[in-house]
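From first to last, the protein sequence lines stand for chains A and B.
Be aware that the first sequence starts at 1, since it is given in full-length UniProt numbering, and climbs by one per residue.
Be aware that the second sequence starts at 1, since it is given in full-length UniProt numbering, and climbs by one per residue.
Cβ coordinates follow ideal geometry from the N, Cα and C atoms, glycine included.
Remember, predicted model here, so these are calculated numbers, not experimental data.
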Amino acid sequence: MAARDTGTMEQNVDIQKHLSVGKNPRGIPTATFIEDVGAFLQTLGGVPVETAIGAFNELYGKCKTLENSLGRVKLSMKAKIPEIEKTLELVHVLEGKQAEGEALTTHYNLADTIYAKAEVACHGRVCLWLGANVMLEYSYEEAKGVLETSLRNAKEKLKTTNEDLEHLKNQTTTIEVNMARLFNYDVKRRKALRQEEGAADKTGGGKGRGNGNPK
Amino acid sequence: MSTTGVMREVNPSQDKGKAKTPDEAPDVEVRKEDQEMINEFGRLNNQYLELDEDLAYLKEQLEKLDDAVTELMVGVGGPVRLSLGEAFMDVSEDYATEHCERKQEQLQAKVEELGREKGKIATRQMELKKVLYGRFGSSINLENS
Numbered sequence: 001m002a003a004r005d006t007g008t009m010e011q012n013v014d015i016q017k018h019l020s021v022g023k024n025p026r027g028i029p030t031a032t033f034i035e036d037v038g039a040f041l042q043t044l045g046g047v048p049v050e051t052a053i054g055a056f057n058e059l060y061g062k063c064k065t066l067e068n069s070l071g072r073v074k075l076s077m078k079a080k081i082p083e084i085e086k087t088l089e090l091v092h093v094l095e096g097k098q099a100e101g102e103a104l105t106t107h108y109n110l111a112d113t114i115y116a117k118a119e120v121a122c123h124g125r126v127c128l129w130l131g132a133n134v135m136l137e138y139s140y141e142e143a144k145g146v147l148e149t150s151l152r153n154a155k156e157k158l159k160t161t162n163e164d165l166e167h168l169k170n171q172t173t174t175i176e177v178n179m180a181r182l183f184n185y186d187v188k189r190r191k192a193l194r195q196e197e198g199a200a201d202k203t204g205g206g207k208g209r210g211n212g213n214p215k
Numbered sequence: 001m002s003t004t005g006v007m008r009e010v011n012p013s014q015d016k017g018k019a020k021t022p023d024e025a026p027d028v029e030v031r032k033e034d035q036e037m038i039n040e041f042g043r044l045n046n047q048y049l050e051l052d053e054d055l056a057y058l059k060e061q062l063e064k065l066d067d068a069v070t071e072l073m074v075g076v077g078g079p080v081r082l083s084l085g086e087a088f089m090d091v092s093e094d095y096a097t098e099h100c101e102r103k104q105e106q107l108q109a110k111v112e113e114l115g116r117e118k119g120k121i122a123t124r125q126m127e128l129k130k131v132l133y134g135r136f137g138s139s140i141n142l143e144n145s
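Below is the structure:
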């Protein structure tokens with residue numbers, strides 16, 4: 001029993017090797033494109049088509065999961081970028097007011113449904129909320145620097161996430177087409193087999209077809 | 001997989017992909033270039049849908065700015081509270097109008113850019129459709145519904 005199990009395991013590992021060729025810069029596998037279905041099945045060691053389709057299906061599932069998680073990252077980046085831009089704009093406004101030597105009157109969110117009035121003397125310092133209950137005070141210049149770096153990083157992350165998602169989309173499409181072709185190949189093969197059997201039966205003479213002629 | 005042997009793409013909301021009925025006549029083999037074109041088509045489709053969403057959001061923002069500018073025009077010249085970040089700043093009407101108009105220009109430029117990109121994608125998709133339908137006929141489905 002143990003020997004048989006390792007046999008199947010080796011078979012599985014072998015199949016996995018043929019399902020993808022290479023990876024993208026962030027380690028997402030590139031699915032194999034099947035040039036010729038028959039030849040491909042041979043390289044897998046003559047396994048039944050269901051095994052091949054099953055293996056691809058597994059890879060497909062993994063790709064879909066990865067796609068979902070990357071989709072969430074993308075959404076969070078897309079929300080983060082406008083926020084950073086708004087904060088940056090605010091710092092510019094403060095700078096402008098400081099240059100004019102004017103104070104700023106603002107109504108800010110004191111609590112959920114309450115706004116309070118505040119006079120802001122723009123004296124060159126601003127506090128940035130960095131998350132995790134941490135707030136740091138910066139000069140306007142430093143604050144702009146921090147925000148601009150943040151913005152650049154977020155845009156970069158969005159770019160690489162988009163690239164990954166495109167790559168994944170290619171792989172899922174390729175795998176779907178592969179599975180469809182494997183399936184169709186199998187259907188054709190079975191049909192051809194049935195036709196062959198049908199022809200053999202006809203030429204083999206009329207042996208009792210077993211239509212249940214009760215005696 | 002349905003029992004009639006027709007393989008359709010798993011995601012029903014984005015029904016673009018291969019639907020091959022094995023019983024139908026010509027079985028055109030899928031070449032690497034074909035796969036690349038199908039992949040490109042899928043990618044472009046995703047981009048198109050995303051652009052659609054972004055455009056809808058931008059148009060909404062533009063409408064709000066339009067309303068704001070209209071309101072400012074009927075104003076009596078008193079102080080106006082401008083929403084910046086998450087707080088409201090007391091500013092003059094002129095400042096607020098200028099701010100809104102600047103924003104409108106930026107958004108309008110963005111809307112036009114996205115519109116152009118959508119146009120490019122649509123053109124490329126038409127080209128791909130011609131080739132792929134020409135090659136695979138009814139074995140492939142490239143529509144959105």
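- Taking 9 Å as the upper bound on Cβ-Cβ separation, chain B lies near residues L104, T105, T106, H107, Y108, N109, Y115, K117 and A118 of the segment 104-118 of chain A.
- At a C-beta separation below 7 Å, V30 of chain B has these neighbours in chain A: V177 and R181.
- Contacts with chain B at 8 Å (Cβ-Cβ) include T87 of chain A.
- The continuous beta strand (DSSP E) containing A111 of chain A extends over residues A103 to A111.
- Of the residues A:L44, A:H18 and A:L94, the one whose Cα lies closest to the Cα of T30 of chain A is A:H18.
- If you ignore the 5 residues before and after S150 of chain A, its C-beta comes within less than 6 Å of the C-beta of I84, all in its own chain and listed in chain order.
- Across the segment 32-56 of chain B, CB contacts with chain A closer than 8 Å involve K32, Q35, I38, N39, G42, R43 and N46, in sequence order along the chain.
- The secondary-structure analysis by DSSP pairs E137 of chain A across a beta bridge with A:C127.
- When DSSP states are grouped into helix, strand and coil, P82 of chain A belongs to the helix group.
- Neighbours of E86 of chain B in chain A, taken as residues whose beta carbon is under 7 Å from its own, are N109 in chain order.
- Distance between K80 of chain A and G22 of chain A, taken at the CA atoms: about 33 Å.
- Under the DSSP assignment, G38 of chain A falls in the alpha helix (DSSP H) whose first and last residues are V37 to T43.
- Distance from the Cα of S69 of chain A is smallest, within the candidate group A:N162, A:I53 and A:K97, for A:N162.
- At a cut-off of 8 Å, the C-beta of N170 of chain A has a neighbouring C-beta in chain B.
- When C-beta atoms of the segment 52-61 of chain B are compared with those of the segment 121-139 of chain B, fewer than three pairs fall below 8 Å, so the two segments do not count as touching.
- Taking a cut-off of 8 Å for Cβ pairs, the segment 123-134 of chain A and the segment 161-181 of chain A do not touch, as fewer than three such pairs fall below it.
- Boundaries of the alpha helix (DSSP H) around I121 of chain B: E93 to F136.
- DSSP places F41 of chain B in the helix class (H, G or I) of the three-state scheme.
- Neighbourhood of F33 of chain A in chain B, by CB distance below 7 Å: K32 and Q35, in chain order.
- Look at E33 of chain B here: in three-state DSSP terms it is helix.
- For E137 of chain A, no Cβ of chain B is located within less than 8 Å of the residue's own Cβ.
- Under the Cβ criterion of 8 Å, L59 of chain A is not counted among the residues facing chain B.
- A direct Cα-Cα distance of roughly 11 Å separates V28 of chain B from R181 of chain A.
- Between V91 of chain B and V76 of chain B, the beta carbon gap of about 15 Å keeps them out of contact (Cβ cut-off 8 Å).
- Distance from the CA atom of Y48 of chain B to the CA atom of Q98 of chain A, rounded to whole angstroms, is 44 Å.
- Residue state for T30 of chain A is assigned as strand, using DSSP reduced to three classes.
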